[in-house]
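Numbering (my numbering), first residue to last: 199 to 514.
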C-alpha cells in the first residue's frame, strides 16, 4: 500500500512540474530577446541549413497546436546550444528530410520526455510490487531511464538516417567519379560534366551535386560550392575527392587527370571494402548458426535416438 501511495505521489509531483514548465515556457515564449530571435534566424539561414530552410520555417511554432508549440519550446529550452548545433549538422548529413525539420525533432523529444517519464514510473512501480525491491531507488532509476530513452530516441533516429545516407553516398561515389571522368575526357567542361552526372545519377549523391550546381548558379565560386559539399558529408573519400578537384582548379592542373586518379583510387577502395565485408560474413553467420540452427538440427538428428534410448532403459 505504501508503494502505491509513493508511486501516486511521484506521478502527481511530475504532473505538477510538467504544468509549471509548460506555463513558464508559454509565458516566456513571447518575451524572447532579440538575441534569441537572431539566433533562431541564423540557425535557419546558416550555410549548413540551406536545403531545410523552408521546411524549418514552415514547421516552426506558428501554425501548430498550442500544446505542440509548448512541447517544442520546452525541448528547445532544455537543449543546449552544442546539442542543437550537432542536431543541425546531423540533419545536414541526413539530407535535411522534409518530414524531419528541426522543430519536429524537438517536439518529438519533448513528447518523448512527457511519455517516457510516466512509463518509467509505472514500470518501476510494477517492479517494486512484483519483486519487492527498494521502492525509492527503483522508481527514481526507472523514471530517469524512461526520460532519457524518450529524449534520445529522436536523436538516434536522425543519426541512423544520417549513417544510412552516408553509406549510400560512399557506395555511389566510384561510379560517379567514373562518369565525371568520361564526361570531362569527352570534351565537356567541368560544370557541364557535373550537370550531366547530377541529372543521370539517382540517390543522395546526385542531389548533393545538383545542390552544388545551384549554389554555383547563384553566384558561389566553384571551390566554395565543392567545399560546402564536402562539409555536408562525413565520408573521407568524398572529402578528399572534392578537395583534390578544388586544388586542381586553383593550381591550374588538368581536372581530367585528377578525376582519373581519384576514380582509380575509389575503385581500389571499393574492392577492398567488398573484400572486408566478405571476410566478416563467417563471423556474422557464426552466432545465428550456433544459437538458432544447430540446436534445431541437434533436436531433429538426435531427438529420435534419445527418445528410443529413454524408452529402452525405462522398459528395463
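Think of the CB as a built atom: it goes at the ideal place given N, C-alpha and C, for glycine as much as any other residue. Every value quoted in this text rests on a predicted model; they were computed, and no experiment measured them.
Using a Cβ-Cβ distance cut-off of 8 Å, the segment 352-359 and the segment 412-422 are not in contact, since fewer than three pairs of beta carbons, one from each stretch, lie closer than that value. Residues 378, 407, 410, 411 of the same chain have their beta carbon placed closer than 8 Å to that of residue 392, with the five preceding and five following residues left out of the count. Rounded to whole angstroms, residue 305 and residue 320 show a C-alpha spacing of 23 Å. With at least 16 other beta carbons inside 10 angstroms of its own, residue 461 counts as buried.
With a beta-carbon spacing of about 20 Å, residue 340 and residue 308 fall beyond the 8 Å limit used to define contacts.
Comparing C-alpha distances from residue 459 to each of 446, 450, 299, 470 shows the shortest one belongs to 446.
Around the beta carbon of residue 402, 16 or more other beta carbons sit within 10 angstroms, so the residue counts as buried. Excluding five sequence positions before and after residue 430, the CB atoms of its chain that fall closer than 8 Å to its own CB belong to 246, 290, 291, 406, given in chain order.
Under the 8 Å Cβ criterion, the segment 379-389 does not count as touching the segment 476-486, having fewer than three qualifying pairs. When only Cα atoms are considered, residue 450 and residue 281 end up about 41 Å apart. Taking all protein chains in view, the Cβ of residue 413 is crowded by 16 or more other Cβ atoms within 10 Å, so the residue is classified as buried.
Assignment of residue 433 by DSSP, reduced to helix, strand and coil, places it in the coil class.
Residue 358 counts as exposed, since fewer than 16 other beta carbons sit within 10 angstroms of its beta carbon. Rounded to whole angstroms, the Cβ separation of residue 436 and residue 367 is 6 Å, and the two are in contact under 8 Å. Taking the CA atoms as reference points, residue 428 sits about 52 Å from residue 326.
Taken through DSSP and simplified to helix, strand or coil, residue 418 comes out as coil.
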